[in-house]
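In the working numbering, the protein residues as written are 70 to 334.
For glycine and all other residues, C-beta sits at the position ideal for the given N, C-alpha and C.
It should be emphasised that the depicted structure is a prediction, and the values quoted were computed from it without experimental measurement.
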């Protein structure tokens, strides 16, 4: 098998360069265009710290839509009267933790943990001082990453694993309470951005909800692996023995890329 250099295989898909041949003929920006440019610059100033520069570039069109802005505003209003997880500063943490250009693996979750102090903005992950949830224990078991003293998956994100929940917020004690708010317009756009802008990414889709995202991925350029959800309700029949973590490293190794270290330091 011919092995290409990792940088060559995983480079961003670049669009056509704009010709400057007729640059002299361009009309000066109209006041409306200038105003729009100012709005975009202002929007970027707000969002780059939240999601990172490359994710901001990729998601800017959908972030600016009235529907996504309405979702964000609704969650802000709900925080005034309800406990919403994760904390506001962690809602978009998955994007900051794994820049778009660094993504090698995508694990799609459903919505954040709804217990107090559990959700930290990364799908399936919890803060170091929080008890490891059963679903995550099953994942770590399948990854041969037990025993562990914590369930903080930041180590995975640092290696290019995007831990993305389809729904980014939840009300305390009410799973799926924000499923209808419209977050999936944004997270679906993120999956599409990975599919469009990168090559050879491995998508791990566990459970019916995650598998419903498969149509967003170009399978001619990426790999999609499916299994049941690691929840105790489906672990024994549909997740145990799926071998996904080993398959990921086999695929990466076959391309000459560095394997993921699943054990948590």
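Rounded to whole angstroms, residue 166 and residue 237 show a C-alpha spacing of 15 Å. Here residue 331 carries a coil assignment [DSSP, helix/strand/coil].
By the Cβ-count criterion, residue 181 is buried, with 16 or more other Cβ atoms from all chains shown falling within 10 Å of its own Cβ. Here the C-alpha atom of residue 106 lies approximately 16 Å from the C-alpha atom of residue 134. With contact defined as three or more Cβ pairs closer than 8 Å, the region 131-151 and the region 185-199 are not in contact. With contacts defined as CB atoms closer than 8 Å, residue 280 and residue 234 fail to qualify as a contacting pair. CA-to-CA, the gap between residue 168 and residue 121 works out to about 7 Å.
Under a 10 Å Cβ-count criterion, residue 159 is classified as buried, with 16 or more other Cβ atoms of the shown protein chains found around its own Cβ. Residue burial annotation: residue 288 is exposed, with fewer than 16 other C-beta atoms found within 10 angstroms of its C-beta. Under the three-state reduction of DSSP, residue 218 is assigned to coil, being neither helix nor strand. An exposed status is given to residue 157, since fewer than 16 other beta-carbon atoms sit within 10 Å of its beta-carbon. A distance below 7 Å between beta-carbons, with the five flanking residues on each side excluded, links residue 119 to the following residues of its chain, in chain order: 161.
Residue 313 sits close to residue 273, with the two beta carbons spaced by under 8 Å. Using a C-beta cut-off of 8 Å, the region 259-276 makes no contact with the region 241-249, since fewer than three inter-stretch Cβ pairs fall below that distance. Rounded to whole angstroms, the Cβ separation of residue 333 and residue 217 is 5 Å, and the two are in contact under 8 Å. Each of 269, 303, 304 was checked against the Cα of residue 323, and the nearest Cα belongs to 269.
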